[in-house]
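A.B. asks:
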Amino acid sequence: MSPYNLLPRFKAQYDANNQEFSISGVVRPQAIDELGPSLALLRDAIGRVRGVLYVNVRRLTQMNNAAFHAFSRIIIDACRARPDLRFVVITSSVVGWTSRKFGRLSGIEPNITVEEYDSEFYPGQGFLEEGGFVPILRTQTKMTWRHERTILPRHGMRPGIVMADICCGLGDFVVLVQKEFQPSRIVALDHSISSLDYARRVMREFDIRGIEYTYGDASEMLLDEAQFDLVTCRHSLQIFNRPELILKELYRICKPGGRVYITNEKNSHCLGEPRAESIRWTYNEVAKLFAHFEMDVELGPKSRRYLIEAGFEDIRVETFMVTNLDGDPQDFADVIVAWADVYAGDMATRRGDGPEFIARFRQGFQDHIFAALHPKGYAGWPIWVASGRRPQ
Amino acid sequence: MLMGSVHHEPAGEPTFEAMIQIDMEIKTFVSAWKHCDYVSTYMARMISQNRSDSVRHSNLFSSAFNELLEVAFRTRHTDGELACRVSRHGATDRIELTFPCVPEERQFYQEAVSQVAGFEARERYLNSVSGDLAPSREVVLLELAVDYNATLRVEEAEGDAVKLVVDLPLEGLQH
Chain A
72 MSPYNLLPRF KAQYDANNQE FSISGVVRPQ AIDELGPSLA LLRDAIGRVR
122 GVLYVNVRRL TQMNNAAFHA FSRIIIDACR ARPDLRFVVI TSSVVGWTSR
172 KFGRLSGIEP NITVEEYDSE FYPGQGFLEE GGFVPILRTQ TKMTWRHERT
222 ILPRHGMRPG IVMADICCGL GDFVVLVQKE FQPSRIVALD HSISSLDYAR
272 RVMREFDIRG IEYTYGDASE MLLDEAQFDL VTCRHSLQIF NRPELILKEL
322 YRICKPGGRV YITNEKNSHC LGEPRAESIR WTYNEVAKLF AHFEMDVELG
372 PKSRRYLIEA GFEDIRVETF MVTNLDGDPQ DFADVIVAWA DVYAGDMATR
422 RGDGPEFIAR FRQGFQDHIF AALHPKGYAG WPIWVASGRR PQ
Chain B
499 MLMGSVHHEP AGEPTFEAMI QIDMEIKTFV SAWKHCDYVS TYMARMISQN
549 RSDSVRHSNL FSSAFNELLE VAFRTRHTDG ELACRVSRHG ATDRIELTFP
599 CVPEERQFYQ EAVSQVAGFE ARERYLNSVS GDLAPSREVV LLELAVDYNA
649 TLRVEEAEGD AVKLVVDLPL EGLQH
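For the protein sequence lines, the chains are A and B, in the order given.
Residues 72 to 463 (the working numbering) make up the first sequence, in order.
Residues 499 to 673 (the working numbering) make up the second sequence, in order.
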């Protein structure tokens with residue numbers, strides 16, 4: 072369906088609880104009359120609020136100068152009529168022009184401030200994106216790819232499709248997908264500029280073509296609706312505090328009849344022999360630690376429910392276990408070392424855990440490594456794969 | 499539509515490689531306002547595929563280009579052709595928009611573009627935002643310079659027409 076058929080193409084709303092006026096979509100009127108109800112809503116909101124009015128333009132993808140002027144005039148007039156009132160305009164760094172254009176308003180009226188919504192996209196994820204985690208993320212992808220390359224065709228992957236990988240991170244998954252399955256187009260989105268820089272550098276160095284890396288917020292994407300045959304989102308719903316918002320967006324950009332493919336963990340089910348008890352205790356604690364930071368690393372088995380509730384049909388769920396027997400056991404051990412550094416390091420410290428707890432917590436990781444490298448040992452990391460079809 | 503040919507500039511000018519061109523009767527173009535949106539969105543998508551961030555680039559380009567098309571839409575001359583050509587040199591995309599206009603309008607664009615280059619462009623743009631009047635065509639051109647770092651010039655066009663040439667260094671605006 073053409074986006075031009077979706078009228079009206081913009082929406083204005085006022086949320087009295089949050090004192091927030093929001094406008095989203097494409098606002099390109101020929102005449103200001105076309106904005107009448109939205110302008111009236113803004114005036115009405117201004118009349119009702121005290122203190123501060125938030126003007127949310129995070130999902131405003133386009134606004135022509137005529138519309139910008141009309142909305143700005145109302146805000147500027149209100150600043151002059153009511154010096155007690157402050158306006159906070161919330162823009163998105165994803166929509167390149169909004170911060171520049173709305174940013175001018177603060178130069179006109181000091182009571183208008185413009186804040187770029189960005190760093191608070193995903194609470195808690197900073198732990199997983201800092202510095203030294205890059206090699207480990209690549210190793211993880213290498214380990215999971217051994218399984219996913221045979222699983223993906225059962226979930227809609229095939230040559231020639233148009234696909235998107237949302238929360239693509241370093242982009243190594245889409246590079247593997249491109250080599251193995253040759254989709255006709257791949258769009259890979261992530262909110263981490265440093266990860267995208269890395270992905271683009273790899274693309275240049277290895278002369279990889281056909282992958283479009285784009286910066287964006289997975290819960291509010293600039294991508295048009297219904298354009299992808301397959302949308303993948305791996306190991307990411309579990310580290311968002313509101314996974315249902317992401318799923319709603321994955322559904323939106325997926326073509327009717329296309330599929331959304333998600334992978335997630337259930338960390339408490341990580342296992343190993345020998346020293347099973349210590350390992351089990353630590354990974355139960357991992358789940359609690361992530362929950363403290365509003366991330367659900369137990370999400371894997373909940374995937375089916377999430378997909379059904381998001382409106383998908385023909386849900387397919389399967390699991391696989393990454394183990395020390397997949398390739399080099401040292402790879403498995405290296406991943407656990409990195410987990411221990413972050414989980415028993417920065418995260419535990421920030422939660423306020425004491426040295427006794429941290430020592431026991433760390434021991435479970437060491438025992439997992441011991442199991443992985445033991446000549447008779449077995450160490451596992453289970454992953455849940457699920458996909459659903461967007462109804463026709 | 500023209501894609502992929504090379505357009506050589508006069509000596510001293512960098513070579514801009516032609517990427518896409520859309521021509522249409524001005525009568526057809528001005529028959530519906532949504533044509534501005536259609537054309538800007540379509541061309542933005544076409545030329546952004548191989549930019550470092552195609553989605554972001556497309557959004558920015560469409561935003562700037564739509565304003566130019568809205569300027570052309572308001573022409574008072576109703577005969578002739580609208581030609582939109584986009585070419586590229588490195589990080590800069592060049593829009594060449596040729597459209598029919600009456601002689602007074604051509605004069606107006608020449609003056610407006612010469613003022614855009616002035617150092618007080620930003621001040622004049624801010625004054626217009628806080629002013630009572632709806633944004634004029636001059637303000638639209640100013641905004642391209644202020645918010646998109648665009649450089650603008652007017653070139654001779656055949657017959658009763660004007661050619662606006664706008665260079666947009668959007669790759670540099672990313673993040």
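Backbone N, C-alpha and C fix where the C-beta goes; we use that ideal spot for every residue, glycine too.
In this text, all values refer to a predicted model and were calculated from it rather than measured experimentally.
Report the residues of the segment 599 to 620 of chain B with a CB closer than 8 angstroms to any CB of chain A, ordered along the chain.
C.D. replies: none
A.B. asks: Mapping DSSP to helix, strand and coil, what is residue 605 of chain B?
C.D. replies: helix
A.B. asks: Taking DSSP's pairing of strands, which residues face residue 457 of chain A in a bridge?
C.D. replies: DSSP lists A/333, A/388 as the bridge partner or partners of residue 457 of chain A.
A.B. asks: Secondary structure at residue 194 of chain A, three-state DSSP: helix, strand or coil?
C.D. replies: Any reading at residue 194 of chain A must be qualified, since the residue scores a pLDDT of 45, below 50, and its modelled position is unreliable; no value is offered.
A.B. asks: Is residue 252 of chain A near residue 212 of chain A, with beta carbons less than 7 angstroms apart?
C.D. replies: no
A.B. asks: For residue 451 of chain A, tell me which candidate among A/342, A/404, A/333 has the shortest Cα-Cα distance.
C.D. replies: A/342
A.B. asks: Is there a C-beta anywhere in chain A that falls below 7 angstroms from the one on residue 557 of chain B?
C.D. replies: True, the Cβ-Cβ gap to chain A drops below 7 angstroms.
A.B. asks: Decide if the segment 611 to 624 of chain B is in contact with the segment 532 to 545 of chain B; the criterion is three or more beta carbon pairs, one per stretch, under 8 angstroms apart.
C.D. replies: no
A.B. asks: Under 9 angstroms, CB to CB, which of the residues in the segment 559 to 586 of chain B have a partner in chain A?
C.D. replies: 560, 561, 562, 564, 565, 568, 571
A.B. asks: Could you pull the start and end residues of the beta strand (DSSP E) that residue 517 of chain B belongs to?
C.D. replies: The continuous beta strand (DSSP E) containing residue 517 of chain B extends over residues 514 to 523.
A.B. asks: Identify each residue in the segment 630 to 648 of chain B for which the Cβ-Cβ distance to at least one residue of chain A is less than 8 angstroms, and report them in chain order.
C.D. replies: 630, 632, 633, 637, 638, 641, 644, 645, 646
A.B. asks: So which residues of chain A does residue 554 of chain B contact, with C-beta pairs closer than 9 angstroms?
C.D. replies: 165, 166, 167, 285, 286, 287, 293
A.B. asks: Can you tell me whether DSSP reads residue 534 of chain B as helix, strand or coil?
C.D. replies: helix
A.B. asks: Flag this pair as touching only if the segment 647 to 654 of chain B and the segment 621 to 629 of chain B have three or more C-beta atom pairs under 8 angstroms; answer yes or no.
C.D. replies: no
A.B. asks: So which residues on chain B does residue 425 of chain A lean against when the C-beta distance must stay under 9 angstroms?
C.D. replies: Correct list: empty, because the minimum Cβ distance to chain B is about 41 angstroms.
A.B. asks: With a threshold of 7 angstroms on Cβ separation, who are the neighbours of residue 215 of chain A within its own chain once the five nearest residues in sequence on each side are excluded?
C.D. replies: Residues 393, 454 of the same chain have their beta carbon placed closer than 7 angstroms to that of residue 215 of chain A, with the five preceding and five following residues left out of the count.
A.B. asks: What do you get for residue 461 of chain A, buried or exposed, if any count of 16 or more other CB atoms within 10 angstroms of its CB means buried?
C.D. replies: buried
A.B. asks: Taking the straight line between their C-alpha atoms, what separation do you get for residue 594 of chain B and residue 515 of chain B?
C.D. replies: About 12 angstroms.
A.B. asks: Could you confirm whether any beta carbon from chain A is found closer than 7 angstroms to the beta carbon of residue 628 of chain B?
C.D. replies: The beta carbon of residue 628 of chain B sits closer than 7 angstroms to some beta carbon of chain A.
A.B. asks: For residue 132 of chain A, which residues in chain B fall below 7 angstroms Cβ to Cβ?
C.D. replies: 557
A.B. asks: Only counting runs of 3 or more residues, tell me where the beta strand (DSSP E) segments fall wholly within the segment 355 to 401 of chain A, in order along the chain.
C.D. replies: 384 to 394
A.B. asks: For residue 192 of chain A, I'd like the list of residues in its chain whose CB is within less than 6 angstroms of its CB, leaving aside the five on either flank, ordered along the chain.
C.D. replies: Residue confidence is low: residue 192 of chain A scores 47 on pLDDT, short of 50, so the model does not pin down where it sits. No coordinate-derived value is stated.
A.B. asks: Identify, in the order they occur along the chain, each residue of the same chain with its Cβ nearer than 7 angstroms to the Cβ of residue 133 of chain A, setting aside the five sequence neighbours on each side.
C.D. replies: 97, 98, 99
A.B. asks: Sorted by chain position, which residues of the same chain lie with C-beta nearer than 6 angstroms to residue 227 of chain A's C-beta, five sequence neighbours on each side aside?
C.D. replies: 301, 330
A.B. asks: List the endpoints of the continuous beta strand (DSSP E) containing residue 86 of chain A.
C.D. replies: 81 to 86
A.B. asks: Quick one: is residue 624 of chain B near chain A, going by C-beta distance under 7 angstroms?
C.D. replies: yes
A.B. asks: Can residue 599 of chain B and residue 660 of chain B be called in contact, C-beta distance under 7 angstroms?
C.D. replies: yes
A.B. asks: Could you tell me whether the Cβ of residue 461 of chain B comes closer than 7 angstroms to any Cβ of chain A?
C.D. replies: Examination of residue 461 of chain B is not possible in this model, given that chain B is present from 499 through 673 alone.
A.B. asks: DSSP state of residue 134 of chain A, grouped into three classes?
C.D. replies: Residue state, collapsed to three classes: strand.
A.B. asks: So what's residue 149 of chain A in DSSP terms, helix, strand or just coil?
C.D. replies: helix
A.B. asks: Just verifying my parser: in three-state terms, what is the DSSP assignment at residue 650 of chain B?
C.D. replies: strand
A.B. asks: Among A/283, A/153, A/237, which one has its Cα closest to the Cα of residue 553 of chain B?
C.D. replies: A/283
A.B. asks: List the residues of chain B whose Cβ lies closer than 7 angstroms to the Cβ of residue 172 of chain A, in chain order.
C.D. replies: Contact annotation for residue 172 of chain A against chain B: 645 [CB-CB distance below 7 angstroms, chain order].
A.B. asks: Assign residue 237 of chain A to buried or exposed, taking buried as 16 or more other Cβ atoms, counted over all protein chains shown, within 10 Å of its Cβ.
C.D. replies: buried
A.B. asks: Name the residue from A/437, A/313, A/258 whose alpha carbon lies nearest to the alpha carbon of residue 550 of chain B.
C.D. replies: Checking every option, the nearest Cα to that of residue 550 of chain B belongs to A/258.
A.B. asks: With 7 angstroms as the limit, tell me which residues of the segment 133 to 145 of chain A have their beta carbon closer than that to any beta carbon of chain B; keep them in chain order.
C.D. replies: 133, 135, 136, 137, 140, 143
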